[in-house]
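Enquirer:
Residue numbers (our numbering), protein chains in the order written: chain A, 1 to 311; chain B, 1001 to 1523.
This is the structure we're talking about:
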């Protein structure tokens, strides 16, 4: 099966700055991928290259098997791009706005009206059909822009910071829409700074820093890999200093230290190793009261993968 | 594109929108989407409606005042009535409509909607055409609103039907032409401040055009016999051909300004330029033919000179384009060596621009001479007028070509040595090249002030093309030394400066021809 997106070693330089440096990864149909990285890491440039708005200096991108370099127009008909800042026409209603873009995509007659109806249903915009765009809230404008990107039935959706500036309810609703899109077989590349939300909606993440791809993989696998160096906090009933000595002698334990009454250490072993450690402590009479490994989240993955490099 | 099947698979999809499509809706489907949007926006927007209502009210009021002021001795009140109404027609069609077109294009940048248009798969050509068609609709609407007033002017006597029709048709043409030009002007820069500056300049220019057009219309209304003259009907179509070519050029340039910088934004202008040059040569041939049968000679080589100077203006851009072909354009170079070499001047790039300019100057000059030779009357029918016509034409053509090189290849060739091949560097080059005609005139004049030379000070030198050409052989002879010892060596210097660029362009084209084509699909 053809990948919905395949990036092959793209590089883009603006003056002396390499905005994107030999980035390669792919997305399968139905895959929702979070694209994360610090500000200026090259996320937006990569997304603009995929969307044919920029041309890579080297390398190529294939959207549903079609090259952005050789067939930009074909690519545009297969993708939907929602930029971080997009415009809306004044003196236009929601329906007129969508109708215009449907016409621009070459939809005619009944096909156009059916497509408009489907997309408005999907994004719950029907109640606002006759409303002027200027009067919409930020969340509703985001929905409208998402509806616009769906008009050509794209195989790939590129959403650049879609949740920026939305209130919690609108964010939850947007998350649900994105999940539903993944269920319909569309691949989604989604950038956001709200990593907790990405973890909930994404199947995979790609981490980029200083223009280079640092990691790409399934969210659960990357979390497991990060958890291999989990931070564990242990409080003991007996003397903490004795407990610290006992823990420091154990295998897979790194940098054990006292933090108030608690013993904090990094643990590089598996879940089974951690269970063995706990059993050994009990056997030695250390008497643990609390023993907790901090739950790894996407932020840990992000922090462990990136180095905070600025460019 | 039929996407309905998959879209229906979206959650929440149902059968909404199932409604019968009438013939008008089906026809509407084929309309330019930008036109539909613009008309809808104008319908809801206040600017057009307010301007329309206000203009009609003011026109009505002015007509009433004029009617009250009419004396009994005025036997042709229609003329006065038309003059008043036409000022408003002209203002609405030649000022409001182009201004609206300018704002419409500008709002795409200001509202960040342009990239959405590009991603919606609309071609730049469709976008510009949509904006232009919206201007046409507005013009038609305005004309329809003013028709009752104009009909009244006709019924009041004194206005010739033919004159009225021609004036209105030309006004409508001017409205569309000016709208094309305004859209191009608005597409030149995305910088809001610069656009405001351009808007002010456009406003000033349009206002003076309106007053000029109103005065001209009044002249035709008062002296309708002018339109009965054969010369008018010979000149008008030719002027329209030239302006239409310029309008199409403005349209194509706008499309290129809107296209992605990696797209081929040059070949269409070059092809159109070639077509325009052959059209101008055809006009020259026509005028030579007309001049030999006794019709006025003014237009004979005028079109060639106009062609050369239009080519010069366009070549300033072509010669200062980035040199490389780009990743999208390179693979389109023909793979047959002879075809690649023949089409080289029509591909983008500064060096190829210089080749294009030199080739077309040669075509214009050679074409001009060929026409002159062909039109030479047989010896028994030769008169002093006919032979001077050909020798004048030849001199003027040659000199125009020399000036074209001076204004393009010399400044760009010199500046290329000191500026970097960046967007800013190219803008700087273009600006200086556009000012170079003034520099060629002013620098010797300032020198003349310093050394006390009356000839130089009063711009009677070869840097001043008007002085040198002046449409007569005698003027050329006055500056013979300057032409041979200053202009020609300078022009040759410009060509020498351009040669390395042209050679590099040939090498790059040859390399691009051999490159492996980019795969369109990974399937």
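Just so it is clear, CB atoms sit at the ideal spot from N, CA and C, and this is done for glycine as well.
Using beta carbons (cut-off 8 angstroms, strictly below), is residue 1116 of chain B in contact with chain A?
Expert: Yes, residue 1116 of chain B counts as interfacial toward chain A.
Enquirer: If you drop the 5 nearest sequence neighbours on each side, which residues of the same chain put their C-beta closer than 7 angstroms to that of residue 64 of chain A?
Expert: Only 2, 4, 78, 155 and 156 meet the Cβ criterion.
Enquirer: Going by C-alpha distance, which of B:1106, B:1272, B:1374 and B:1502 is nearest residue 1284 of chain B?
Expert: Minimum Cα distance to residue 1284 of chain B is reached at B:1374.
Enquirer: Considering only their Cβ atoms, is the gap separating residue 1422 of chain B from residue 1319 of chain B smaller than 8 angstroms?
Expert: Contact flag unset, no.
Enquirer: Against residue 87 of chain A, what residues of chain B qualify as contacts under a CB-to-CB distance less than 7 angstroms, listed in chain order?
Expert: Correct list: 1111, 1112, 1113 and 1116.
Enquirer: Would a check of beta-carbon distances place residue 1036 of chain B closer than 8 angstroms to chain A?
Expert: Yes, residue 1036 of chain B counts as interfacial toward chain A.
Enquirer: Between the stretch 1315-1329 of chain B and the stretch 1344-1352 of chain B, do at least 3 Cβ pairs fall closer than 8 angstroms?
Expert: At 8 angstroms Cβ cutoff, the stretches touch.
Enquirer: Looking only at its chain, what residues have a beta carbon closer than 6 angstroms to the beta carbon of residue 1158 of chain B, apart from the 5 residues adjacent to it on each side?
Expert: Result list for residue 1158 of chain B: 1076, 1078 and 1079, in chain order.
Enquirer: Under 8 angstroms between the Cβ atoms of residue 1180 of chain B and residue 1093 of chain B?
Expert: Going by C-beta atoms, residue 1180 of chain B is not nearer than 8 angstroms to residue 1093 of chain B.
Enquirer: Return helix, strand or coil for residue 1472 of chain B, following the three-state DSSP convention.
Expert: Low local confidence applies: a pLDDT of 49 at residue 1472 of chain B is under 50, so the model's placement there is unreliable, with the coordinate-based value given in what follows. Coil.
Enquirer: In whole angstroms, what is the alpha-carbon distance linking residue 1253 of chain B and residue 1440 of chain B?
Expert: Distance between the alpha carbons of residue 1253 of chain B and residue 1440 of chain B is about 28 angstroms.
Enquirer: Assign residue 5 of chain A to one of three DSSP states: helix, strand, or coil.
Expert: Residue state, collapsed to three classes: strand.
Enquirer: Quick one: what does DSSP say residue 16 of chain A is sitting in, helix, strand or coil?
Expert: Coil.
Enquirer: Compare the C-beta of residue 944 of chain B against all C-beta atoms of chain A and say whether one is closer than 8 angstroms.
Expert: Residue 944 of chain B is absent from the structure shown; chain B starts at 1001 and stops at 1523.
Enquirer: If you draw a straight line from the C-alpha of residue 30 of chain A to the C-alpha of residue 153 of chain A, how long is it?
Expert: Each residue's alpha carbon lies about 13 angstroms from the other.
Enquirer: So, is residue 1239 of chain B buried or exposed, given that buried needs 16 or more other C-beta atoms within 10 angstroms?
Expert: The residue in question, residue 1239 of chain B, is exposed, as its Cβ has fewer than 16 Cβ neighbours within 10 Å.
Enquirer: Around the C-beta of residue 294 of chain A, are 16 or more other C-beta atoms found within 10 angstroms, so that it is buried, or is it exposed?
Expert: By the neighbour-count rule (16 or more Cβ atoms within 10 Å), residue 294 of chain A is not buried but exposed.
Enquirer: Kindly provide the ranges of any beta strand (DSSP E) runs that are 3 or more residues long and lie completely inside the stretch 47-126 of chain A, ordered along the chain.
Expert: Correct list: 58-63 and 79-82.
Enquirer: Which residues in chain A have a C-beta closer than 7 angstroms to the C-beta of residue 1122 of chain B? List them in chain order.
Expert: Correct list: 104.
Enquirer: Specify the secondary structure class of residue 299 of chain A as computed by DSSP and reduced to three states.
Expert: Three-state result, residue 299 of chain A: helix.
Enquirer: Starting from residue 232 of chain A, trace the beta strand (DSSP E) both ways and give me its first and last residue.
Expert: It spans 230-236 - the beta strand (DSSP E) in which residue 232 of chain A sits, taken as one unbroken run.
Enquirer: Give every residue of the same chain whose Cβ lies closer than 7 angstroms to the Cβ of residue 125 of chain A, excluding the five residues on either side of it in the sequence, and list them in chain order.
Expert: So the qualifying residues of the chain are 94, 143, 144 and 147.
Enquirer: With 8 angstroms as the threshold, decide whether the Cβ of residue 1411 of chain B is near any Cβ in chain A.
Expert: No - not a single Cβ of chain A is within 8 angstroms of the one on residue 1411 of chain B.
Enquirer: Taking only three categories from DSSP, how would you classify residue 34 of chain A?
Expert: It is a strand residue.
Enquirer: Can you tell me where the alpha helix (DSSP H) holding residue 1175 of chain B begins and where it ends?
Expert: Run containing residue 1175 of chain B: 1161-1188, per the alpha helix (DSSP H) assignment.
Enquirer: Look at the Cβ atom of residue 1210 of chain B, then the Cβ atom of residue 1361 of chain B, and state whether they are nearer than 8 angstroms.
Expert: Taking 8 angstroms as the Cβ cut-off, residue 1210 of chain B and residue 1361 of chain B do not qualify as a contacting pair.
Enquirer: Classify residue 353 of chain A as buried or exposed, calling it buried when 16 or more other Cβ atoms lie within 10 Å of its own Cβ.
Expert: Only positions 1 to 311 of chain A appear in the structure, and residue 353 of chain A is not among them; the question remains open.
Enquirer: The alpha helix (DSSP H) with residue 257 of chain A in it runs from where to where?
Expert: First-last for residue 257 of chain A: 253-259, but that is the beta strand (DSSP E), not the alpha helix (DSSP H).
Enquirer: Grab the span of the beta strand (DSSP E) containing residue 214 of chain A for me, first residue to last.
Expert: Unbroken beta strand (DSSP E) run through residue 214 of chain A: 212-218.
Enquirer: Can you tell me whether residue 1345 of chain B is buried or exposed? The criterion is at least 16 other CB atoms within 10 Å of its CB, across all chains shown.
Expert: Result: buried.
Enquirer: Can residue 162 of chain A and residue 82 of chain A be called in contact, C-beta distance under 8 angstroms?
Expert: Yes. Within cutoff.
Enquirer: 8 angstroms is my cut-off, CB to CB: does residue 333 of chain A come that close to chain B?
Expert: With chain A covering only 1 through 311, there is no way to say anything about residue 333 of chain A.
Enquirer: DSSP on residue 1263 of chain B, reduced to helix/strand/coil?
Expert: Three-state DSSP puts residue 1263 of chain B in coil, outside helix and strand.
Enquirer: In terms of DSSP beta bridges, what is residue 27 of chain A paired with?
Expert: DSSP, once it has assigned bridges, lists A:5 as partnering residue 27 of chain A.
Enquirer: By Cβ distance, which residues of its chain are closer than 8 angstroms to residue 273 of chain A, with the 5 residues on each side in sequence left out?
Expert: Only 251, 252 and 267 meet the Cβ criterion.
Enquirer: Below 7 angstroms between beta carbons is the criterion; list the residues of the stretch 1036-1051 of chain B that meet it against any residue of chain A, in chain order.
Expert: Listed by position along the chain: 1036, 1037, 1040, 1041, 1044 and 1045.
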